[in-house]
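Each protein sequence line maps, in turn, to chains A and B. Positions 1 to 231 (the working numbering) are the ones given, in order, by the first sequence. Positions 232 to 366 (the working numbering) are the ones given, in order, by the second sequence. All C-beta atoms in this analysis are idealised placements derived from N, C-alpha and C, irrespective of residue type, glycine included. The model shown is predicted, which means the values in this text are computed figures rather than measured ones. Here is the structure we will look at.
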Amino acid sequence: MTDTHFPSSIEALRLLREDPNRVGHRGHVLSSPIPGTGHGRTGPANKRIVVGYGFWIFLLSDIVMFSCFFATYAVLQGGTAGGPDIRQIVELPRVEWETACLLASSFTCGLSFAATNARNVLWTQVFLVITGLLGLAFVLLEAQEFAGLVSQGITPQRSGFLTAFFSLVGCHGLHVTAGLLWLGTMLAQVQVKGFRREIIHRLICFNLFWHALDIIWVGIFTIVYLLGYVA
Amino acid sequence: MSDVHSNMHMSAASGRVDRAPGDDPEDNPGHWIRSYIIGLCLATALTITSFVAAAAHLIWDPALPVALIVLAIAQMGIHLVFFLHVTTGPDNTNNVLALAFGVMVVALVVLGSIWIMGHLSHNMMPADQLMQMQM
Numbered sequence: 001m002t003d004t005h006f007p008s009s010i011e012a013l014r015l016l017r018e019d020p021n022r023v024g025h026r027g028h029v030l031s032s033p034i035p036g037t038g039h040g041r042t043g044p045a046n047k048r049i050v051v052g053y054g055f056w057i058f059l060l061s062d063i064v065m066f067s068c069f070f071a072t073y074a075v076l077q078g079g080t081a082g083g084p085d086i087r088q089i090v091e092l093p094r095v096e097w098e099t100a101c102l103l104a105s106s107f108t109c110g111l112s113f114a115a116t117n118a119r120n121v122l123w124t125q126v127f128l129v130i131t132g133l134l135g136l137a138f139v140l141l142e143a144q145e146f147a148g149l150v151s152q153g154i155t156p157q158r159s160g161f162l163t164a165f166f167s168l169v170g171c172h173g174l175h176v177t178a179g180l181l182w183l184g185t186m187l188a189q190v191q192v193k194g195f196r197r198e199i200i201h202r203l204i205c206f207n208l209f210w211h212a213l214d215i216i217w218v219g220i221f222t223i224v225y226l227l228g229y230v231a
Numbered sequence: 232m233s234d235v236h237s238n239m240h241m242s243a244a245s246g247r248v249d250r251a252p253g254d255d256p257e258d259n260p261g262h263w264i265r266s267y268i269i270g271l272c273l274a275t276a277l278t279i280t281s282f283v284a285a286a287a288h289l290i291w292d293p294a295l296p297v298a299l300i301v302l303a304i305a306q307m308g309i310h311l312v313f314f315l316h317v318t319t320g321p322d323n324t325n326n327v328l329a330l331a332f333g334v335m336v337v338a339l340v341v342l343g344s345i346w347i348m349g350h351l352s353h354n355m356m357p358a359d360q361l362m363q364m365q366m
């Protein structure tokens, strides 16, 4: 807006000329210049909300992809081709540790974002590092599990059930690994660039990503491990 | 300039500005930490319940799978509310609608696959087994 006050009709014409498609953060109707509510009366919501919402859509599509792996697992669960079934694979103590690591890391990730909101670099970094270490512990536990299975000849090629098992659990493991790489990048960016606006947007997205991984893990430990254990 | 700002505050107060999940720019960190602690406690309780129920046979065995699935869905709800801050408020309409669509697709994919493939494998049963069933 300008500091000098033109008659409102001139002001409206100026807005229309400068922003014909209402892509800016203001409407053409001067009586209600609501900046970016995202409800269709004005331009798009501010970037922080657009970025977070867009990433939320991505996460939902990622969850849809995981649902395909879950469906495959449910269908192929009985297809052991004479090989080992899920009950011979489950090690409950290991799954307990994995779950504890991931849940605790989700919590510390949230605390790191609370520190970001308070613009505190030190605590943001400390909690991000703890999140990363817990995530690393999770990935190592899972890698150890897979290595142990492979050394017993229990590989994805053995049966349809094992293909589904390794792809579902392994895909989640890959997501956590990718999250760890992202986390390392964020540590460096927060340190070097500080809390610039786009860095905070990335931290919001990372926080969402990490929580979504934990939600998917809840599905995996219930459907694959616990239901397999009691089957 | 000033009326734009006052409007921004008004619209924020009346909940007309949207919020993205996991984000709450105007809030103080204390609110966040409290919400995360509540979420952690509830999620831990549900997780421990799941593992104990599965390992200790505390629940009638045929009901166990349903109980475990209900516990898992409850825990996903806890994560959504306390970690991702998805609420039913007017500022969250878009988030909840997207989530509802996602849940619908997930349900179609999972339940549909189990249903169809179950029938398929029943119909593809080896001939001798099918004969036995008909007798």
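Which residues of chain A have a Cβ atom closer than 7 Å to the Cβ of V337 (chain B), listed in chain order? By one-based count along the second sequence, residue 337 (chain B) stands at place 106. Per Cβ cutoff of 7 Å: I63, V64 and S67.
Using a Cβ cut-off of 8 Å (strictly closer), state whether V340 (chain B) contacts chain A. Counting from 1 along the second sequence, the entry for residue 340 (chain B) is found at position 109. The beta carbon of V340 (chain B) falls within 8 Å of a beta carbon belonging to chain A, placing the residue at that interface.
Going by DSSP in three states, M307 (chain B) sits in which element: helix, strand or coil? Within the second sequence, the letter at position 76 stands for residue 307 (chain B). Correct three-state label for M307 (chain B): helix.
So, is the C-beta of L102 (chain A) closer than 8 Å to a C-beta in chain B? The sequence position of residue 102 (chain A) within the first sequence is 102, counting from 1. Not flagged as an interface residue toward chain B: L102 (chain A), since no C-beta distance is shorter than 8 Å.
Which same chain residues end up closer than 6 Å to L181 (chain A) when comparing Cβ atoms and leaving out the 5 residues on each side of it in sequence? As a first step, residue 181 (chain A) must be located in the first sequence, where it is residue number 181. No residues qualify anywhere along the chain.
Mind reading off the beta-carbon distance from F282 (chain B) to E142 (chain A)? Whole number of angstroms is fine, and I expect it under 8 Å. Taking the first residue of the second sequence as 1, we reach residue 282 (chain B) at position 51. Taking the first residue of the first sequence as 1, we reach residue 142 (chain A) at position 142. 17 Å between Cβ atoms; not a contact.
Taking the beta carbon of N325 (chain B) as the centre, do at least 16 other beta carbons fall within 10 Å, making it buried, or is it exposed? By one-based count along the second sequence, residue 325 (chain B) stands at place 94. The residue in question, N325 (chain B), is buried, as its Cβ has 16 or more Cβ neighbours within 10 Å.
C-beta neighbour in chain A for W263 (chain B), strict 8 Å: As a first step, residue 263 (chain B) is located in the second sequence; it is residue number 32 there, counting from the start. Output row for W263 (chain B): interface = yes.
Name, please, each residue of chain B whose Cβ falls closer than 8 Å to the Cβ of L208 (chain A). Here residue 208 (chain A) refers to the residue found at position 208 when the first sequence is read from its first residue. Chain B residues near L208 (chain A): P252, G253 and L315.
What residue from A:Y73, A:Q189, A:I49 and A:D62 has the CA that sits closest to V169 (chain A)'s CA? Mapped onto the first sequence, residue 169 (chain A) falls at position 169. Taking V169 (chain A) as reference, the option from A:Y73, A:Q189, A:I49 and A:D62 with the minimal CA-CA separation is A:Y73.
Counting C-beta neighbours from all protein chains within 10 Å, is the total for T222 (chain A) 16 or more, i.e. buried, or is it exposed? Position 222 of the first sequence holds residue 222 (chain A). Looking at its Cβ environment, which holds 16 or more other Cβ atoms inside 10 Å, T222 (chain A) is buried.
Under 8 Å between the Cβ atoms of N117 (chain A) and W263 (chain B)? Start at 1 with the first residue of the first sequence, and residue 117 (chain A) comes out as number 117. Start at 1 with the first residue of the second sequence, and residue 263 (chain B) comes out as number 32. Contact flag set, yes.
Relative to the ligand HEM, is the shortest distance from any of its heavy atoms to the C-beta of V51 (chain A) smaller than 7 Å? Questions concerning the ligand HEM fall outside what the structure shown contains, since it holds no ligand whatsoever.
Span separating the alpha-carbon of G261 (chain B) from that of S61 (chain A): The residue you call residue 261 (chain B) lines up with position 30 of the second sequence. The residue you call residue 61 (chain A) lines up with position 61 of the first sequence. Rounded to the nearest angstrom, the two C-alpha atoms are 32 Å apart.
Residue closest to G52 (chain A), alpha-carbon to alpha-carbon, out of B:V301, B:H310, B:L289 and B:N323: Locating residue 52 (chain A) in the first sequence gives position 52, counting from the first residue. Measuring from the Cα of G52 (chain A), the nearest candidate turns out to be B:N323.
Do we get a CB-CB distance below 8 Å when we pair A303 (chain B) with the residues of chain A? Numbered from its first residue, the second sequence carries residue 303 (chain B) at position 72. Interface residue, yes.
In or out: N354 (chain B) buried (at least 16 other Cβ within 10 Å) or exposed? For the purposes of this step, residue 354 (chain B) is taken as the residue at position 123 of the second sequence. The residue is exposed, with fewer than 16 neighbouring Cβ atoms inside 10 Å.
8 Å Cβ cutoff, H350 (chain B) in contact with chain A: Residue 350 (chain B) sits at position 119 when you count from the first residue of the second sequence. Judged by the 8 Å Cβ criterion, H350 (chain B) is not in contact with chain A.
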